[in-house]
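Below is one structure, written out as structure tokens; comments come after it.
Number of protein chains: 2
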Amino acid sequence: MIEQHHQNKVFIAISLDGYIANKDGKVEFLDTFPAPPGDDMGYSAFTDTIDALLMGRNSFETVLGFNIPWPYTKPVFVWSHTLTQVPDELTSKIQIVKGSPFEVLQQIHALGYQSLYIDGGKTIQSLLAHNLIDEMTITTVPVVLGDGIPLFGQLDEMKKFIGISSKLYPNGLVQNVYKRG
Amino acid sequence: MIEQHHQNKVFIAISLDGYIANKDGKVEFLDTFPAPPGDDMGYSAFTDTIDALLMGRNSFETVLGFNIPWPYTKPVFVWSHTLTQVPDELTSKIQIVKGSPFEVLQQIHALGYQSLYIDGGKTIQSLLAHNLIDEMTITTVPVVLGDGIPLFGQLDEMKKFIGISSKLYPNGLVQNVYKRG
Numbered sequence: 001m002i003e004q005h006h007q008n009k010v011f012i013a014i015s016l017d018g019y020i021a022n023k024d025g026k027v028e029f030l031d032t033f034p035a036p037p038g039d040d041m042g043y044s045a046f047t048d049t050i051d052a053l054l055m056g057r058n059s060f061e062t063v064l065g066f067n068i069p070w071p072y073t074k075p076v077f078v079w080s081h082t083l084t085q086v087p088d089e090l091t092s093k094i095q096i097v098k099g100s101p102f103e104v105l106q107q108i109h110a111l112g113y114q115s116l117y118i119d120g121g122k123t124i125q126s127l128l129a130h131n132l133i134d135e136m137t138i139t140t141v142p143v144v145l146g147d148g149i150p151l152f153g154q155l156d157e158m159k160k161f162i163g164i165s166s167k168l169y170p171n172g173l174v175q176n177v178y179k180r181g
Numbered sequence: 182m183i184e185q186h187h188q189n190k191v192f193i194a195i196s197l198d199g200y201i202a203n204k205d206g207k208v209e210f211l212d213t214f215p216a217p218p219g220d221d222m223g224y225s226a227f228t229d230t231i232d233a234l235l236m237g238r239n240s241f242e243t244v245l246g247f248n249i250p251w252p253y254t255k256p257v258f259v260w261s262h263t264l265t266q267v268p269d270e271l272t273s274k275i276q277i278v279k280g281s282p283f284e285v286l287q288q289i290h291a292l293g294y295q296s297l298y299i300d301g302g303k304t305i306q307s308l309l310a311h312n313l314i315d316e317m318t319i320t321t322v323p324v325v326l327g328d329g330i331p332l333f334g335q336l337d338e339m340k341k342f343i344g345i346s347s348k349l350y351p352n353g354l355v356q357n358v359y360k361r362g
């Protein structure tokens, strides 16, 4: 048996000042510039490369709050130590996981999912602190919010990446991809 | 007489988490990845487009602290309400300016300088808050510092820009240019 290579990938949009939401957790700024017609800015191509998603409770509740049909076709793991149940119609699509970053990843890998979409500020920060983020696709929405919920947080040591691609979209957004350095 | 169009431009490097220096004001992270040989990553081309520089006292003292020959050929205006003198050998190259953002710019424009390189976090933040930043060339050094002095600060309202170019350098840095939207 060939051991699968585990990959943890981020695909996220931020403001120029590095926020993923305003201070109330709202993400209206993402819609400042409409997406180019017929172009999902790499989202489908990205999700084709992942087996499952791992997100925190905040992200999960943000998605629920959109009041749209559940948008993910791949299994979603919600990392929460307080959440005990999910809406009935989602029980087949969502699993709650608990534990340290390593424990959580181990549980997911044991179920056969190797390439993970890591979403949400705190989840990304936790994995990054343990050198567990392999790749980040960061789309910058060119607005300065002035306040909000940051993508990155405090770290005890610098984490190195390396830029591997950079793209300007016709709507004025830029998308940069970084791999762990 | 044709009135010159005033332009205030930023050309700055930041970490992935948006810092221009670590929390002690040190900028060693800028040297994590050596510049591509023979390539100044757009710096000369940028400085060819400006008439003078405006920076705050912190940036000025950081540059002095490098213990290198004064690196600027264009006139430098240091915006400070406390600084009263500059090193003797620099008196022909530096002028101290005081006042509000508008007053400071008026003084500089009156001397015939129209296209300005705006440098330093607080100086950039002050002008941005007054919608006085026209263009920003932001080079991302792909490291997450975890703490430091941020490029952007608090704002009362969102400021819109639009991406106009995006470039990946062979050393893994990315450089994005934004114009005021």
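Protein sequence lines correspond, in order, to chains L and G. Numbered according to my numbering, the first sequence spans residues 1 to 181. Numbered according to my numbering, the second sequence spans residues 182 to 362. Backbone N, C-alpha and C fix where the C-beta goes; we use that ideal spot for every residue, glycine too. Keep in mind that this is a model prediction, so the values were computed, not measured.
1. So what does M236 (chain G) bridge to, in DSSP terms?
2. Please classify P217 (chain G) as buried or exposed, where buried requires at least 16 other C-beta atoms within 10 Å of its C-beta.
3. Reducing DSSP to helix, strand and coil, say where F192 (chain G) ends up.
4. Which residues mark the beginning and the end of the beta strand (DSSP E) in which E316 (chain G) is found?
5. Below 8 Å, can you find three or more Cβ-Cβ pairs linking the stretch 17-26 of chain L to the stretch 131-151 of chain L?
6. For a cutoff of 9 Å on Cβ pairs, would you count K341 (chain G) as touching chain L?
7. Could you list which residues in chain L have their beta carbon closer than 8 Å to that of P323 (chain G), in chain order?
8. Could you pull the DSSP bridge partners for Q356 (chain G) from this structure?
9. How far does the beta strand (DSSP E) with I20 (chain L) in it extend, from its first residue to its last?
10. Under the rule that 16 or more other beta-carbon atoms within 10 Å means buried, what is N357 (chain G), buried or exposed?
11. For V285 (chain G) and V278 (chain G), I'd like the C-alpha separation in whole angstroms.
12. Between which two residues does the beta strand (DSSP E) harbouring Q95 (chain L) extend?
13. Please check if any C-beta of chain L sits within less than 9 Å of the C-beta of Q188 (chain G).
14. Ends of the alpha helix (DSSP H) at P101 (chain L)?
15. Determine contact between the stretch 121-133 of chain L and the stretch 296-309 of chain G, defined as no fewer than three beta-carbon pairs at a distance below 8 Å.
16. CB-CB under 7 Å to F258 (chain G), same chain, minus the five flanking residues each way: which ones, in chain order?
17. If K207 (chain G) sits next to T228 (chain G), beta carbons under 8 Å apart, how far is it from one beta carbon to the other, in whole angstroms?
18. For I149 (chain L), which of helix, strand or coil comes out of DSSP?
19. Applying a beta-carbon distance threshold of less than 8 Å, which residues of chain G neighbour F29 (chain L)?
20. Measure from the C-beta of K122 (chain L) to each C-beta in chain G and report whether the shortest distance is under 9 Å.
21. Where does the unbroken alpha helix (DSSP H) through T47 (chain L) begin, and where does it stop?
22. Please report the straight-line C-alpha distance between T139 (chain L) and S165 (chain L), rounded to a whole angstrom.
23. Using 8 Å as the cut-off, can you tell me whether the stretch 266-273 of chain G makes contact with the stretch 289-303 of chain G, which would need three or more C-beta pairs spanning the two stretches below that distance?
24. Would you mind telling me which residues of chain G sit closer than 9 Å to Q154 (chain L), beta carbon to beta carbon, in chain order?
25. Just grab the DSSP bridge partners of V144 (chain L) for me.
26. Near F342 (chain G), what residues of its chain come up, given a Cβ to Cβ distance below 8 Å and the 5 sequence neighbours on each side ignored?
27. Does the Cβ of Y298 (chain G) have 16 or more other Cβ atoms within 10 Å, making it buried, or fewer, making it exposed?
28. Short check: CB of S281 (chain G) to CB of H187 (chain G), under 9 Å?
29. If you check the beta carbons only, do F33 (chain L) and V174 (chain L) fall under 9 Å apart?
30. What does V355 (chain G) reach in chain L if we use C-beta pairs closer than 7 Å?
31. Decide if L64 (chain L) is buried, meaning its Cβ has at least 16 other Cβ atoms within 10 Å, or exposed.
32. Could you give the distance in angstroms between the alpha-carbon of L349 (chain G) and the alpha-carbon of T84 (chain L)?
In terms of the structure at hand:
1. G:V259, G:D300
2. exposed
3. strand
4. 316-322
5. yes
6. yes
7. K160, F161, I162, G163, Y178, G181
8. G:T320, G:K348
9. 19-21
10. buried
11. 6 Å
12. 94-97
13. no
14. 101-110
15. no
16. A233, L234, L235, Q276, V278, I289
17. That pair is no contact at about 24 Å.
18. strand
19. M339
20. no
21. 43-47
22. 12 Å
23. no
24. G327, D328
25. G:K340
26. M317, Y359, K360, R361, G362
27. buried
28. no
29. no
30. G163, S166, N176
31. exposed
32. 44 Å
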